[in-house]
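For the record, in the sequence shown the residue sitting at position 14 is 14 according to full-length UniProt numbering, with numbers rising by one throughout. Glycine is no exception: its CB is placed at the ideal position from the N, C-alpha and C atoms. Written below as structure tokens is the structure these notes are about.
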Amino acid sequence: LLQFVTGSRRPPVGGFAHLEGFNGGVHKFTLYASGEPKDSLPRAHACICTIDVPKYSSYRTLRRSLHTALSMGSVGFDDAAMAGNGADAAQPEGMEALA
Numbered sequence: 001l002l003q004f005v006t007g008s009r010r011p012p013v014g015g016f017a018h019l020e021g022f023n024g025g026v027h028k029f030t031l032y033a034s035g036e037p038k039d040s041l042p043r044a045h046a047c048i049c050t051i052d053v054p055k056y057s058s059y060r061t062l063r064r065s066l067h068t069a070l071s072m073g074s075v076g077f078d079d080a081a082m083a084g085n086g087a088d089a090a091q092p093e094g095m096e097a098l099a
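Laid out in structure tokens, this is it:
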């Protein structure tokens, strides 16, 4: 899960308080409740250390969907990261942070 969300196999030296995103800034490991359909898989943004999780109807569905996403091992980048935008990434639009 750590590698899926951050791109790193190990926590940073000093712990998660020192987790760096794509631009060298510190980014907290964060879960967001996404507005995606409930049959969508969780989606990771390693550049900002976040994972978007649909609002599943049960823990079992969450577990199965997360396992499927981790098994697939696909990696993608958002347009800002691909364009080399050095601006600090904020919370994705339309997402609410999970407590």
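Could you tell me the alpha carbon to alpha carbon distance between residue i and residue j, rounded to whole angstroms?
{"i": "residue 66", "j": "residue 50", "result": "14 Å"}
{"i": "residue 70", "j": "residue 5", "result": "10 Å"}
{"i": "residue 76", "j": "residue 24", "result": "Note that residue 76 scores a pLDDT of 48, beneath 50, so its modelled location is shaky; the value from the coordinates is reported in the next line. Taking the straight line from one Cα to the other gives about 19 Å."}
{"i": "residue 29", "j": "residue 61", "result": "22 Å"}
{"i": "residue 2", "j": "residue 37", "result": "24 Å"}
{"i": "residue 53", "j": "residue 43", "result": "7 Å"}
{"i": "residue 20", "j": "residue 10", "result": "12 Å"}
{"i": "residue 7", "j": "residue 16", "result": "14 Å"}
{"i": "residue 18", "j": "residue 31", "result": "17 Å"}
Is residue i close to the ligand GTP? I mean its beta-carbon at under 8 Å from any heavy atom of the ligand.
{"i": "residue 62", "result": "Looking at this structure, you won't find the ligand GTP or any other ligand, since it has none at all."}
My output table needs one value for residue i: the three-state DSSP class, helix, strand or coil.
{"i": "residue 1", "result": "coil"}
Could you name each continuous alpha helix (DSSP H) segment of 4 residues or more that falls completely within the segment 4-77, going from the start of the chain to the end?
59-72
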